[in-house]
Amino acid sequence: MVATEAPARTRTRPSAEPPPRRGFLRRAGAAVLGLALCACAVYAQTLAMSYDQSGSNLTSHGDLGETVQTARFSVKATSVISAKAVDTRDYRGNVRKVQTSHLFLVIEVSATSPKEPFKFNAFTTVLVTADGKRYRTTDKVDPSLTFFNKWIQPGLWPTGKLIFEVPEEAVAGAGLVVASPGGGILVDSLAPEAEIDLGLTGATATRLTSGPEQYHSLAGT
195 MVATEAPART
205 RTRPSAEPPP
215 RRGFLRRAGA
225 AVLGLALCAC
235 AVYAQTLAMS
245 YDQSGSNLTS
255 HGDLGETVQT
265 ARFSVKATSV
275 ISAKAVDTRD
285 YRGNVRKVQT
295 SHLFLVIEVS
305 ATSPKEPFKF
315 NAFTTVLVTA
325 DGKRYRTTDK
335 VDPSLTFFNK
345 WIQPGLWPTG
355 KLIFEVPEEA
365 VAGAGLVVAS
375 PGGGILVDSL
385 APEAEIDLGL
395 TGATATRLTS
405 GPEQYHSLAG
415 T
């Protein structure tokens, strides 16, 4: 008897499915990345724009005693005096005298807002000298004694003082620049600003540098 063997059965495995095509996803991702890079480039160009390109149309000009109006606020500088000492507050809240070996320029200002209430701050308020140097308000004076403690609100004109510590040679030709603050910790480079000519020339500048008050009180302002 001849033995026979059943023919071997070959099991065919199903072929693996082809991997999904990723070309579309890659193209979509590249497009999104390209748009993001373009946006960053435009933003960087905006930041790099010169003052004349980006800010000149947002700057309103005026003189001492005049109301300078911008889209977000109106402001007026009414007087400028110089002093060798002014008030501040210590950590206990007590008012005490603080001195300088240079000059304190004390500028009295008032302002109002057409819509939203806000406060000015040291980051957007500067004294600009005739040769372009910029001075922030002094950190020797507690802000609670200055204009920065005033709420600028519709229909009201609160008055306060800005105090700058500067060398005598910075007085002649100096002007005040005030901008509305941006949100958070960022400074809005496109915020409207007021540039005020303080009239610090000739006899006025000489009077401030040669005959400053020995002490100017800020308490109660």
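Sequential numbering of the sequence shown, starting at 195, is according to our numbering. Each residue gets a CB set at the ideal place from its N, CA and C atoms; glycine is no exception. A quick note: this is a predicted structure, and the numbers were derived from the prediction, not measured.
DSSP bridge partner residues for residue i (one or two, in chain order)
| i | result |
| --- | --- |
| T353 | S304 |
| H410 | V280 |
| T261 | K270 |
| T319 | V372 |
| V292 | V280 |
Local conformation of residue i per DSSP, three classes
| i | result |
| --- | --- |
| G396 | helix |
| T204 | Only weak support exists for where T204 lies, its pLDDT of 48 falling under 50; the value from the coordinates is given anyway. Reduced to three states, the DSSP call for T204 is coil. |
| R328 | strand |
| L252 | helix |
| R286 | coil |
| F314 | coil |
| L299 | strand |
| T403 | helix |
| A385 | coil |
| Y237 | Because the pLDDT at Y237 is just 46, under 50, the model does not fix this residue reliably, and the point stays unresolved. |
Same chain, Cβ closer than 6 Å to residue i, five either side skipped, listed in chain order
| i | result |
| --- | --- |
| R328 | V320 and V322 |
| A413 | D281 and V289 |
| P375 | N315 and T318 |
Expected contact under 8 Å - CB spacing of residue i and residue j to nearest Å
| i | j | result |
| --- | --- | --- |
| A279 | Q293 | 4 Å |
| V335 | T282 | 5 Å |
| T403 | S276 | 7 Å |
For residue i, the nearest candidate out of the options (CA to CA)
| i | options | result |
| --- | --- | --- |
| A388 | A305, A277 and E363 | A305 |
| K309 | L384, P375 and P348 | P348 |
| G396 | V365, G376 and S411 | V365 |
| N302 | P311, S273, N343 and F312 | In the sequence as displayed, the identity of residue 302 is Glu instead of Asn. When each option's Cα is compared against that of E302, the closest is S273. |
| E407 | A324, A373 and V300 | V300 |
| L350 | S338, S295 and F267 | F267 |
| S411 | K355, N343 and G287 | K355 |
Contacting residues, own chain, Cβ-Cβ under 7 Å from residue i (five flanking each side not counted)
| i | result |
| --- | --- |
| G393 | D257 and L258 |
| D284 | R290 |
| R330 | A316 and V320 |
| P311 | W345, I346 and Q347 |
| A242 | Because the pLDDT of A242 is 43, which lies under 50, any placement of that residue in the model is unreliable, and the number read from its coordinates should be weighed accordingly. So the list is empty, once near-sequence residues are dropped. |
Same chain, Cβ closer than 8 Å to residue i, five either side skipped, listed in chain order
| i | result |
| --- | --- |
| D391 | H255, G256, D257, L258 and G369 |
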